[in-house]
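Colleague:
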Amino acid sequence: MTIDYSELLHAFRPEACLVAGALLVLGLDLATGRGRTAERRARNAALLGLLALAAALAATFAAAPTGPVAAGTMLLDPLARVTRTGVLGLALLVLAATPGTLRLPHAAEYVALLLFATAGFTLMAGTTSLLLGFVALELASVALYLLAGFDKSRPESAEAALKYFLFGAVAAAFLLFGFSLLYGLTGALELPGIARGLAAQPVSPLLLVAVVMVLVGFGFKAAAAPFHLWAPDAYQGAPAPAAALIASAAKLAGLAFFLRLLESGLTAPAADGPPAPWTGALAVLATLSLVVGNLAALGQGNVRRLLAYSAVAHAGALLLGVLVSGRAGPGPVVYYAVTYGLATVGAFLVLAVLDGQGGAQAHADLAGLRRRSPLLAGVLAACLLSLAGIPPFAGFLGKFLVFAEALKAGGPASLPGAIALLAIALSAVALYYYLIVLKEALVRAPAPGAPAIRVPAGAALSLIATVALLLALGLLPDLLLRRF
Amino acid sequence: MSALPWTIYVSLAGATLLLALGRASPWVARGLALATALAGAALGATGAAGFTAQPGLQTLVNIPWVAGPGIRYHLAADGISLVLVMLTGLAATAGVLFSWNVRERAAEFFALYFLLISGVYGVFLSADAFLLFVFYEIAIVPKYFLIANWGSTNREYGAMKLVLYSFAGSALVLAGLLWAHAAGGGQGFGLAELTRAASALPAAQQVPLFGLLFVGFGVLAGLFPFHTWAPTGHVAAPTGVSMLLAGVVMKLGAYGCLRVALPLCPAGFAAWQPLLGGLALAGILYAGFVALVQEDFKFVIGYSSVSHMGFVLLGLAAATPQAVAGAVLQMFSHGVIAGLLFAVVGRMVYERVHTRRLDHLQALGLHRQLPFPALVFVLAALASMGMPGFSGFPAELSILIGTWRTAPLWALGAAAGVVIAAAFTLRVLQVSFFGPAEPVAPTDAHPPPALDPITWPERAGAALLLAATVYVGLKPDALLGWILPALQSPALQPILRGTTP
Chain E
76 MTIDYSELLH AFRPEACLVA GALLVLGLDL ATGRGRTAER RARNAALLGL LALAAALAAT
136 FAAAPTGPVA AGTMLLDPLA RVTRTGVLGL ALLVLAATPG TLRLPHAAEY VALLLFATAG
196 FTLMAGTTSL LLGFVALELA SVALYLLAGF DKSRPESAEA ALKYFLFGAV AAAFLLFGFS
256 LLYGLTGALE LPGIARGLAA QPVSPLLLVA VVMVLVGFGF KAAAAPFHLW APDAYQGAPA
316 PAAALIASAA KLAGLAFFLR LLESGLTAPA ADGPPAPWTG ALAVLATLSL VVGNLAALGQ
376 GNVRRLLAYS AVAHAGALLL GVLVSGRAGP GPVVYYAVTY GLATVGAFLV LAVLDGQGGA
436 QAHADLAGLR RRSPLLAGVL AACLLSLAGI PPFAGFLGKF LVFAEALKAG GPASLPGAIA
496 LLAIALSAVA LYYYLIVLKE ALVRAPAPGA PAIRVPAGAA LSLIATVALL LALGLLPDLL
556 LRRF
Chain G
320 MSALPWTIYV SLAGATLLLA LGRASPWVAR GLALATALAG AALGATGAAG FTAQPGLQTL
380 VNIPWVAGPG IRYHLAADGI SLVLVMLTGL AATAGVLFSW NVRERAAEFF ALYFLLISGV
440 YGVFLSADAF LLFVFYEIAI VPKYFLIANW GSTNREYGAM KLVLYSFAGS ALVLAGLLWA
500 HAAGGGQGFG LAELTRAASA LPAAQQVPLF GLLFVGFGVL AGLFPFHTWA PTGHVAAPTG
560 VSMLLAGVVM KLGAYGCLRV ALPLCPAGFA AWQPLLGGLA LAGILYAGFV ALVQEDFKFV
620 IGYSSVSHMG FVLLGLAAAT PQAVAGAVLQ MFSHGVIAGL LFAVVGRMVY ERVHTRRLDH
680 LQALGLHRQL PFPALVFVLA ALASMGMPGF SGFPAELSIL IGTWRTAPLW ALGAAAGVVI
740 AAAFTLRVLQ VSFFGPAEPV APTDAHPPPA LDPITWPERA GAALLLAATV YVGLKPDALL
800 GWILPALQSP ALQPILRGTT P
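Going down the list, the sequences are from chains E and G.
Start counting the first sequence at 76; every next residue gets the next number (the numbering used here).
Start counting the second sequence at 320; every next residue gets the next number (the numbering used here).
#1: For residue 372 of chain G and residue 400 of chain E, what's the separation of their Cα atoms in angstroms?
#2: In angstroms with no decimal places, state the Cα-to-Cα distance between residue 762 of chain G and residue 742 of chain G.
#3: So, at 6 angstroms on beta carbons, what are the nonlocal neighbours of residue 721 of chain G in its own chain, with the 5 sequence-adjacent residues on each side left out?
#4: Looking at the strands, I want to know which residues DSSP matches up with residue 396 of chain G.
#5: Run through chain G and tell me which residues come within less than 8 angstroms of residue 503 of chain E, C-beta to C-beta.
#6: Since residue 733 of chain G and residue 620 of chain G should fall inside the 8 angstroms C-beta cutoff, what is the C-beta to C-beta distance between them, to a whole number of angstroms?
#7: Buried or exposed: residue 506 of chain G, going by 16 or more other Cβ atoms within 10 Å of its Cβ?
#8: Please list, in chain order, all residues of the same chain as residue 202 of chain E whose beta carbon is under 7 angstroms from its beta carbon, the five residues on each side excluded.
#9: Helix, strand or coil for residue 202 of chain E? Go by DSSP, reduced to three states.
#10: Alpha carbon to alpha carbon, how far is residue 473 of chain G from residue 446 of chain E?
#11: Whole angstroms is fine: what's the gap from residue 551 of chain E's alpha carbon to residue 355 of chain G's?
#12: Put residue 384 of chain G into one of helix, strand or coil per three-state DSSP.
#13: Using only the alpha-carbon positions, how far apart do residue 513 of chain G and residue 583 of chain G sit?
#14: Does any residue of chain E have a CB that is nearer than 8 angstroms to the CB of residue 498 of chain G?
#15: So, for residue 559 of chain E: in the same chain, excluding its five sequence neighbours on each side, which residues have a beta-carbon less than 8 angstroms away from its beta-carbon?
#16: Which residues, in chain order, does the segment 112 to 135 of chain E contribute to contact with chain G at a C-beta distance below 7 angstroms?
#17: Just to confirm, is the Cβ distance from residue 814 of chain G to residue 521 of chain G under 8 angstroms?
#18: Is it buried or exposed, residue 176 of chain E, if we count other Cβ atoms within 10 angstroms and call 16 or more buried?
#19: Could you tell me which chain G residues have their CB closer than 8 angstroms to the CB of residue 509 of chain E, listed as they occur along the chain?
#20: Within the same chain, show all residues whose beta-carbon is closer than 8 angstroms to that of residue 98 of chain E, passing over the 5 residues directly before and after it, in chain order.
#21: If you follow the alpha helix (DSSP H) that residue 607 of chain G is part of, which residue opens it and which one closes it?
#22: Just tell me which of E:235, E:258, E:231 has its CA closest to the CA of residue 206 of chain E.
#23: Could you name the residues of the same chain whose beta carbon sits closer than 6 angstroms to that of residue 681 of chain G, not counting the 5 residues immediately before and after it, in chain order?
#24: Return the Cβ separation of residue 416 of chain E and residue 326 of chain E in integer angstroms, given the expectation that the two are a contact with Cβ distance under 8 angstroms.
#25: Could you check whether the segment 491 to 502 of chain G touches the segment 361 to 381 of chain G, counting it as contact only if at least three pairs of C-beta atoms, one from each stretch, sit closer than 8 angstroms?
#26: If you measure beta-carbon to beta-carbon, which residues of the segment 436 to 469 of chain G are closer than 7 angstroms to chain E?
#27: Show which residues of chain E have a CB atom less than 8 angstroms away from the CB atom of residue 544 of chain G.
#28: Considering residue 628 of chain G, what are the terminal residues of the alpha helix (DSSP H) in which it resides?
#29: Assuming residue 522 of chain E contacts residue 442 of chain E under a Cβ cut-off of 8 angstroms, what Cβ separation, rounded to an integer in Å, is found between them?
#30: Strictly below 8 angstroms CB to CB, what residues from chain G border residue 518 of chain E?
#31: Whose Cβ in chain E lies nearer than 9 angstroms to the Cβ of residue 410 of chain G?
#32: So does the segment 423 to 430 of chain E actually touch the segment 535 to 547 of chain E, counting three or more Cβ pairs closer than 8 angstroms?
#33: Am I right that residue 400 of chain G and residue 451 of chain G are in contact with their C-beta atoms under 8 angstroms? What's the rounded C-beta distance?
#34: Are the segment 356 to 364 of chain E and the segment 493 to 504 of chain E touching, with three or more C-beta to C-beta distances below 8 angstroms?
#35: Along chain E, in chain order, which residues have C-beta atoms closer than 7 angstroms to that of residue 493 of chain G?
#36: Give me the DSSP bridge partner(s) of residue 557 of chain E.
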């Protein structure tokens, strides 16, 4: 098996941009940082990071769609392109909001870690090999563990990192075990080879063990119930931009890898034959996540924990989308993940700005946000309403498309159809807890003496771009959907 | 005709302009708001002027929107939509006039107000079920912030209850629409396509599907026993918003029942018909009795709204052409009259005497101090009781006659409802305005404080709504001429029994 290195370079140009950018950021800070103010160093690092992300984005657009490259480890199909664009865009929004909001030492390391994590995401977007996929997943995860614990002044941040790391490491172990069983069963690491190997043998108990291991691993990573217990603590303690990345881009990239693994690796034997071995387990995870996430969110008094449980609920809807993606293609579920990521990033960036000026943990800390900063209040309203699925924001159409596909798969009596009906019923519950937060921000008066909030220019730009994207995708969904 | 879609765009543009420019002063906000409302009403009237009544929807705009599930941006109108668009224009204008005294953050108030209005116009003009649903949802969320920010009694509770009821109802609708879409093989969301797909389903599936759609929309129309959001929500809302809620938002539900639920599932409707008639009747009588014993002026009006909306649902449930025509006429009539009643209670009386308790009001003998509101309320009360000469008369009479042809018992029950409506209306009229003639001895140390005079926006708004109810009362054919041809549409024919009067 020979590898064409020019082709390899072409396929991995976005990752090359990101890694080179990360090294440059570190090197430049090392060379010139001494003697400069921390703010200046942070701004330089962020600017360089933004350039690297922009270059990677341009490279993604420029890369022509091709078949398998690099000896079948990568596939630059529409799913890979859209996912790469999505994760790069989300990382861009997060990084653009960093200068002025995140007041931490070692900004260059922070930016470099963010770029490494993003490189992991873009690799996950296109990989068709278990080995490369696992390495990419771990590259992203390790960087995210560090980002979660980056705020060394707060013990909560360390707690978040530790919990995230412990659960993540266990998940990685499950995944690796599942992957090794798959390799043992089929003798292949590439997904098409695995599919061929599995088609040639009957469904064995060992395959079921492998499938369950893989689902448990991804369940942990995606914070699907009942493997979600790390999420509230991690979201609460991690610096808000890191939490934004964990909740948005990491999920989108993981979804792409998961979709590919299920659809081209562990695929159902025939289109109208018996369902693939993972259908039942996935349906259980989706149902549990929807119920647990939505009901637990009701009892939260802390905005971040609420967002964490809402993330669990959204993971349930995403898994439902995965369940029907065999019939419907990846379009609806990827649209859902992208728009969910955008809304989550917006909400966490609002919290990030607030963190710089007094902090925001409990719902009551948001009281009177509309007077303290109309921009933040407006963005928070747009993002939470999108998460709740209110048109014209894109979150509505994401839910709509996924549920429509689920019902189309077999009517309300089929398994996906029934889960979709459950999800629709729970959306009324979800609106309640989002409105509780918005009530504080938009209706209640601010605490006496609460100062007005100054939104740094980068964060303001990033927040406005997020809302604009939510509206644009909500009104013109074909911008994204016709890429598939 | 081609002016009709602009009602939506003008309202949205007005909302945006209000946010951008309206913060300068309350006067700018009010001026912009009135201009937007008048522009919407004028566009509706222009559209009506160029309208020739035909059976079936007449397309205004039809372009592809989302390719995958076959969603189209399809606006269309028939006589029924036209009546409701006219009502929206009237109610929006009157609502702005009665919100003239909103001072705190007037720009944001009116911006949310017109966001709601644009959703309402959109629902009445949609011919694609997805589009209709989007507009329906756009009309829901602004209500929360309008009530929670600018409302009165128990406003956060009332707002949350109202929005959650509406949203839960819309979740049922969404489930039903997606089911119908799936039944049609996922071809599209056009009402005609969905009707073809869903009405071909076996009756065993149509029954639950119809339940989802009708109950889902019915929640917003005040369908008993899901009506409880309406009184609390109406009472908590600021006056202009109460007028809109009772005036047009409840009509969204009834319109959805008529436009979506009935045509989609004729067989489902046949199975549900007895229950629906019973629920509508229960709503009329129950809300009427509850209104009879309320101690809060605004709650009386809130429950009377539910009772009068019961007539609309009864007309739909009876499903004879005359009853359905009466139901649409009643939507218009109730929209105007409920707006008028809420305006008197919430704006003209409460903002001056700062109490809505009937025993307090009784002690004041308000007809001496507030002769104009007393006059308006007497006229509105007559209209609400269904006296000839006002729009309520042809509407309720038409519903009763139409219902008599299918179910004489329902008609008798509803006739009893008319009597109850007269009872609670007369009671509240007597107690609130015509208390004891000499309540306060002239020698009393505390003479009653002088009340603010009635302002010109209040007079204009009251005159506008009174003129509308009297005009339709004297000349119902003006609206029936639009409504009756619309009932000949192929979508409604499988539902309607009997011949057009």
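Glycine is no exception: its CB is placed at the ideal position from the N, C-alpha and C atoms.
Note that the structure is a prediction, hence the values are computed from the model and not measured.
Modeller: Once the coordinates are examined:
#1: Position 53 of the second sequence, counted from the start, is the residue given in the question as residue 372 of chain G. Position 325 of the first sequence, counted from the start, is the residue given in the question as residue 400 of chain E. Their Cα atoms are separated by approximately 46 angstroms.
#2: Counting from one through the second sequence, the residue named residue 762 of chain G turns up at place 443. Counting from one through the second sequence, the residue named residue 742 of chain G turns up at place 423. Low per-residue confidence applies at residue 762 of chain G: pLDDT is 49, beneath 50, and the placement is therefore not dependable, though the value from the model is reported in the following sentence. Cα to Cα, the separation comes out at about 36 angstroms.
#3: Indexing the second sequence from 1 puts residue 721 of chain G at position 402. 637, 639, 641, 642, 645, listed in sequence order.
#4: Residue mapping note: residue 396 of chain G aligns to position 77 of the second sequence, counting from 1. DSSP, once it has assigned bridges, lists G:377 as partnering residue 396 of chain G.
#5: On the first sequence, residue 503 of chain E is found 428 positions in, with the first residue counted as 1. Neighbours of residue 503 of chain E on chain G, chain order: 483, 486, 487, 490.
#6: Sequence index remark: in the second sequence, residue 733 of chain G carries index 414 (1-based). Sequence index remark: in the second sequence, residue 620 of chain G carries index 301 (1-based). Not confirmed; about 20 angstroms, so no contact.
#7: For the purposes of this step, residue 506 of chain G is identified with residue 187 of the second sequence, where counting begins at 1. With fewer than 16 other Cβ atoms within 10 Å, it is exposed.
#8: On the first sequence, residue 202 of chain E is found 127 positions in, with the first residue counted as 1. For residue 202 of chain E, where only same-chain residues beyond five positions count, the Cβ hits under 7 angstroms are 148, 149, 208, 211, 332.
#9: Taking the first sequence and counting its residues from 1, the one referred to as residue 202 of chain E is at position 127. Three-state DSSP puts residue 202 of chain E in a strand.
#10: Taking the first residue of the second sequence as position 1, residue 473 of chain G is located at position 154. Taking the first residue of the first sequence as position 1, residue 446 of chain E is located at position 371. Rounded to whole angstroms, residue 473 of chain G to residue 446 of chain E spans 23 angstroms at the Cα level.
#11: The count along the first sequence starts at 1 and reaches residue 551 of chain E at position 476. The count along the second sequence starts at 1 and reaches residue 355 of chain G at position 36. If you take the alpha carbons of residue 551 of chain E and residue 355 of chain G, they lie about 27 angstroms apart.
#12: Residue mapping note: residue 384 of chain G aligns to position 65 of the second sequence, counting from 1. Residue state, collapsed to three classes: strand.
#13: For the purposes of this step, residue 513 of chain G is taken as residue 194 along the second sequence, with counting starting at 1. For the purposes of this step, residue 583 of chain G is taken as residue 264 along the second sequence, with counting starting at 1. Distance between the alpha carbons of residue 513 of chain G and residue 583 of chain G is about 7 angstroms.
#14: By 1-based counting over the second sequence, the position of residue 498 of chain G is 179. Yes, its Cβ sits closer than 8 angstroms to a Cβ of chain E.
#15: Here residue 559 of chain E refers to the residue found at position 484 when the first sequence is read from its first residue. Here the set comprises 153, 154, 157, 404, 405, 406, 409.
#16: none
#17: Counting from 1 along the second sequence, the entry for residue 814 of chain G is found at position 495. Counting from 1 along the second sequence, the entry for residue 521 of chain G is found at position 202. No; because the gap between Cβ atoms is not below 8 angstroms, this pair is not in contact.
#18: Looking up residue 176 of chain E in the first sequence gives position 101. Buried is the call here.
#19: Stepping through the first sequence from its first residue, residue 509 of chain E is reached at position 434. Result: empty, since nearest Cβ-Cβ is about 10 angstroms, beyond 8 angstroms.
#20: Against the first sequence, residue 98 of chain E aligns to sequence position 23. Excluding sequence neighbours, residue 98 of chain E sits near 187.
#21: As a working mapping, residue 607 of chain G is identified with position 288 in the second sequence. Taken as a continuous stretch (DSSP letters only), the alpha helix (DSSP H) holding residue 607 of chain G covers 585 to 611.
#22: As a first step, residue 206 of chain E must be located in the first sequence, where it is residue number 131. Closest by alpha carbon: E:258.
#23: What you label residue 681 of chain G is simply residue 362 of the second sequence in a count that begins at 1. Excluding residues within five positions, the ones whose Cβ falls inside 6 angstroms are 750, 754.
#24: One-based indexing of the first sequence puts residue 416 of chain E at position 341. One-based indexing of the first sequence puts residue 326 of chain E at position 251. About 7 angstroms separates the two Cβ atoms, so the contact holds.
#25: no
#26: 453, 456, 457, 460, 463, 464, 467, 468
#27: Residue 544 of chain G sits at position 225 when you count from the first residue of the second sequence. Those do not exist, as residue 544 of chain G stays about 17 angstroms from chain E at its closest Cβ, beyond 8 angstroms.
#28: Here residue 628 of chain G refers to the residue found at position 309 of the second sequence. Segment 616 to 637, the alpha helix (DSSP H) holding residue 628 of chain G.
#29: Stepping through the first sequence from its first residue, residue 522 of chain E is reached at position 447. Stepping through the first sequence from its first residue, residue 442 of chain E is reached at position 367. Rounded, the Cβ-Cβ distance is 6 angstroms, consistent with contact.
#30: The residue labelled residue 518 of chain E in the question sits at position 443 within the first sequence. Under the 8 angstroms cutoff, chain G gives 464, 467, 468, 475.
#31: Here residue 410 of chain G refers to the residue found at position 91 of the second sequence. Neighbours of residue 410 of chain G on chain E: none; closest Cβ ~23 angstroms, over 9 angstroms.
#32: yes
#33: The residue labelled residue 400 of chain G in the question sits at position 81 within the second sequence. The residue labelled residue 451 of chain G in the question sits at position 132 within the second sequence. About 11 angstroms separates the two Cβ atoms, so there is no contact after all.
#34: yes
#35: Translated into the one-based positions of the second sequence, residue 493 of chain G becomes position 174. Simply 499.
#36: Mapped onto the first sequence, residue 557 of chain E falls at position 482. Residue 557 of chain E pairs with nothing; no bridge assigned.
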